[in-house]
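When you number the sequence shown by the working numbering, it's gap-free, plus one each residue, and the end is 222. Virtual Cβ for every residue (Gly too), placed ideally from N, Cα, C. Values in this document were obtained by computation on a predicted structure and should not be read as measured data. Report on the structure given below.
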Amino acid sequence: MISLTDAQLNTWLISFIWPLTRILGLIMVAPVFGHRSVPAQVKIGLGVFIALIVSPALPPLPDVALGSWHGLHILVQQFLIGVAIGFVMRVAFAAIEAAGEIVGLQIGLGFASFFDPQSAGQTLVIARFFNLLAMLVFLAINGHLLLIGVLVDSFQTLPISPQPMAAKGFFTLAAFGSTVLGVGLQLALPLIAILLMTNLA
22 MISLTDAQLN TWLISFIWPL TRILGLIMVA PVFGHRSVPA QVKIGLGVFI
72 ALIVSPALPP LPDVALGSWH GLHILVQQFL IGVAIGFVMR VAFAAIEAAG
122 EIVGLQIGLG FASFFDPQSA GQTLVIARFF NLLAMLVFLA INGHLLLIGV
172 LVDSFQTLPI SPQPMAAKGF FTLAAFGSTV LGVGLQLALP LIAILLMTNL
222 A
């Protein structure tokens with residue numbers, strides 16, 4: 022019969038639960054993975070599968086008890102890192118949706134909206150079409166695999182540590198939000214120009 026000491030059990034648990042928390046944080050908000058149509062069981066199963074693969078290759082983990090205050094601090098920190106990585110990709114999709122909103126208003130389809138369960142609000146049909154198109158392109162270029170690769174690499178660039186993260190990292194991620202409207206305008210400008218020339222003609 023295999024017996025484990027408390028230290029060995031704690032080491033096994035933190036090497037699985039801390040990475041799993043970061044992975045689930047990303048899956049919760051990332052495009053495609055975080056869609057409401059994806060069952061929670063699939064999301065959790067995917068997170069567990071990735072965590073089992075990633076755990077053996079992790080850098081040395083801090084010797085902190087999982088149930089201690091430091092352990093809970095690391096748990097919350099890992100969740101926020103995962104959410105932040107997923108949010109960066111969400112910004113790109115938000116920019117495309119903003120472009121769809123602008124185009125929809127320009128062509129007079131501002132009234133053509135429906136309830137979108139993903140955003141829990143009214144969404145223009147054109148914006149939803151742009152979003153679905155972006156999602157298909159994302160899958161076609163293996164964006165989901167690239168996103169998982171970025172997540173795995175993050176354990177090297179942002180290793181699991183009890184040290185607090187620099188505030189600059191979160192401010193940088195927050196600054197991406199201010200670029201959504203600008204990128205959306207750039208994506209919509211060609212279509213707006215075509216519509217303007219059509220109206221003038």
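- For residue 182, the CB contacts under 8 Å within the same chain, skipping 5 residues up- and downstream, are 83 and 95 in chain order.
- Two segments are said to touch when three or more pairs of C-beta atoms, one from each, lie closer than 8 Å; by this definition the region 73-91 does not touch the region 111-119.
- Nearest C-alpha to residue 159 among 58, 90 and 54: 54.
- Close CB contacts of residue 175 within its chain, under the 8 Å cut and outside five residues either way in sequence, are with 43, 102 and 106 (chain order).
- Residue 29 and residue 67 have their C-alpha atoms some 26 Å from each other.
- Burial check for residue 88: the Cβ neighbour count within 10 Å stays below 16, so the residue is exposed.
- When the alpha-carbon of residue 51 is set against those of 167, 111, 120 and 178, the nearest one is in 111.
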